[in-house]
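> Chain order of the listed sequences is P and V. In case it helps, the working numbering puts the first sequence at residues 124 to 322. In case it helps, the working numbering puts the second sequence at residues 124 to 322. Input: one structure, supplied below.
Protein chains: 2
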Amino acid sequence: MTTVIIEASEGDEPIMRVLAISGSLRAASTNSALLRAAAVAAPEDVTVTIFAGSDGRGVGSLPPFNPDEDGDPALPAVKDFRDALTAADAVVIACPEYAHGVPGALKNALDWVVASGEMVDKPVALLHASSRSTYAREALTEILTVISARLIEEASVTVPLTGKTLDEAEVILERPESLAVLRSALAAIEAVVAVSTTQ
Amino acid sequence: MTTVIIEASEGDEPIMRVLAISGSLRAASTNSALLRAAAVAAPEDVTVTIFAGSDGRGVGSLPPFNPDEDGDPALPAVKDFRDALTAADAVVIACPEYAHGVPGALKNALDWVVASGEMVDKPVALLHASSRSTYAREALTEILTVISARLIEEASVTVPLTGKTLDEAEVILERPESLAVLRSALAAIEAVVAVSTTQ
């Protein structure tokens, strides 16, 4: 998994830092491509970092959640994930649907932050590469709500990309409507974060 | 995680082999205790094996599901899980609810058998150690249904054990009503398996 960071002009502090989390570990994942596209499409004052995890496998870098192992200090991979969440003003999640559910690896990552609370009040948008992932979307919405994340409805969009492998360049350059959807989602996140930070 | 095998009288072939899968990795998990209790409560002609996984961590032994790594031969931990399912006449799952969802580690294990099909037509019962796990139960029912498992409604029971650590001996010896619930669940599974194998 590649970490894509689009910085604002050098030396400037970006206004908003977004952590992008893919629920798929596939190299050719359309959900991961969607997040890379969001990184490229982001406006200048927004930094989008794709969560790579301690070993580059994203959410797959987290060990299976075991409350017995949730000690102080936290396991390194768990600490990485929690620190990445803490440092982010907002989170964008893109995930496939497996067997009418959330990918286990993604849910497992979230299991590690239920008690520690890094998702509390965190603005979160759900991006989807398939309009058919309705079960995963619904389940993820329920999970994020109960851990007190702040789901941004107007930033949770579907950019259908199923059926072939696309990289972010194709997504953005060949489909202006996809770019527009992504940009409006990012603008909606930015609006929520701006209100949060000025309150 | 301990593997508990209650064999029928020596030399006899047990009539029914049940694989018991815990959704919790905690040493003091009430769901795991419930499965050990089921093993002890099982009638003579039933073998209940608790899934230990290739490294003793149960569902936590499976790597994060990645379709890119789902090749031939399968990864050893994945093969172990699939072989254990294939060898079982029925499956019993007991899992906690994390953040209104199925534990990620359990869902991850199931993600590995969606395409390979070991759960197709497999009789499955859901045991619960808490009557409050309604979201996890509903989500798991949806997941198992879509992968064509055969959910045994009358064997899916709740044996409330929350609030303290119990081992199987306490469960069985101190609560005859819990034992009765477990035995009726096992009898219901056995009835379904008996009908399947004589068809």
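We put the beta carbon where it would ideally sit given N, CA and C, even for glycine.
(1) Which residues does DSSP list as the beta-bridge partners of Ile275 (chain V)?
(2) Between which two residues does the beta strand (DSSP E) carrying Arg140 (chain P) extend?
(3) Taking buried to mean at least 16 other C-beta atoms within 10 Å of its own C-beta, is Ser147 (chain V) buried or exposed?
(4) First and last residue of the alpha helix (DSSP H) that includes Ile266 (chain V)?
(5) Please tell me whether Glu313 (chain P) has its Cβ less than 8 Å away from any Cβ of chain V.
(6) Could you say which of V:Glu313, V:Gly227, V:Ala238 lies nearest to Ala278 (chain V) if we only look at CA atoms?
(7) With DSSP as the reference, label Val236 (chain P) as helix, strand or coil.
(8) Please go through the same chain and pick out, in chain order, the residues whose beta-carbon is closer than 8 Å to the beta-carbon of Leu185 (chain P), but skip the five residues on each side of it.
(9) Quick one: what's got a C-beta closer than 8 Å to Ala150 (chain P)'s C-beta in the same chain, skipping five residues either side?
(10) List the whole-angstrom C-beta distance separating Asn189 (chain V) from Gly183 (chain P), where the pair is believed to meet the contact cut-off of C-beta under 8 Å.
(11) Less than 8 Å between the beta carbons of Ala143 (chain V) and Thr172 (chain V), yes or no?
(12) At 3 residues or longer, what runs of the beta strand (DSSP E) sit wholly inside the region 134-212 of chain P?
(13) Between the C-alpha atoms of Pro246 (chain P) and Leu208 (chain P), what's the straight-line distance to the nearest angstrom?
(14) Identify, in the order they occur along the chain, each residue of the same chain with its Cβ nearer than 6 Å to the Cβ of Val243 (chain P), setting aside the five sequence neighbours on each side.
(15) Determine whether the beta carbon atoms of Ala308 (chain P) and Leu250 (chain P) lie at a separation below 8 Å.
(16) Would you list the residues sitting across from Gly227 (chain V) in a DSSP beta bridge?
(17) Buried or exposed for Thr320 (chain P), please, with buried defined as at least 16 other CB atoms from any protein chain shown within 10 angstroms of its CB.
(18) How many Å lie between Ser301 (chain P) and Glu167 (chain P) at the Cα?
(19) Please confirm if Leu157 (chain V) has its CB atom under 8 Å from at least one CB of chain P.
(20) Skipping 5 residues on each side, what residues in its chain have a beta carbon closer than 6 Å to that of Met124 (chain P)?
(21) Quick check on Thr125 (chain P) - is its C-beta less than 8 Å from some C-beta in chain V?
(22) Quick one: Cα of Thr153 (chain V) to Cα of Ala160 (chain P), how far?
(23) Between the C-alpha atoms of Ser239 (chain V) and Ile216 (chain P), what's the straight-line distance to the nearest angstrom?
(24) Alpha carbon to alpha carbon, how far is Asp191 (chain V) from Ala262 (chain P)? Give it in angstroms, no decimals.
(25) When DSSP labels each residue in this structure, what does Pro327 (chain V) get in the three-state scheme?
(26) If you count every other CB in all the chains shown that lies within 10 Å of the CB of Gly194 (chain V), and 16 or more means buried, which is it?
(27) From the beta carbon of Pro246 (chain P), is the nearest beta carbon of chain V less than 8 Å away?
(28) Assign Ser254 (chain V) to buried or exposed, taking buried as 16 or more other Cβ atoms, counted over all protein chains shown, within 10 Å of its Cβ.
(29) CA-CA distance, Val225 (chain V) and Thr257 (chain V)?
Concretely, from the data shown:
(1) DSSP lists no partner for Ile275 (chain V).
(2) 139-145
(3) buried
(4) 257-269
(5) no
(6) V:Glu313
(7) coil
(8) Gly176, Ala200, Val201, Phe204, Ala228, Asn231, Ala232, Trp235
(9) none
(10) 7 Å
(11) yes
(12) 139-145, 169-173
(13) 11 Å
(14) Ser271
(15) yes
(16) Paired residue(s): none; Gly227 (chain V) is not in a bridge.
(17) exposed
(18) 19 Å
(19) no
(20) Residue placement at Met124 (chain P) is flagged as unreliable, the pLDDT there being 44, under the threshold of 50; the coordinate-derived value follows with that caveat. Correct list, in chain order: Ala175, Gly179, Gly181.
(21) At Thr125 (chain P) the pLDDT is 47, less than 50, meaning the model places this residue with poor confidence; the figure from the coordinates comes in the next sentence. Answer no: the Cβ-Cβ gap between Thr125 (chain P) and chain V never drops below 8 Å.
(22) 44 Å
(23) 27 Å
(24) 25 Å
(25) In the structure displayed, chain V extends from 124 to 322; residue 327 (chain V) sits before or after that span and is not available.
(26) exposed
(27) no
(28) exposed
(29) 10 Å
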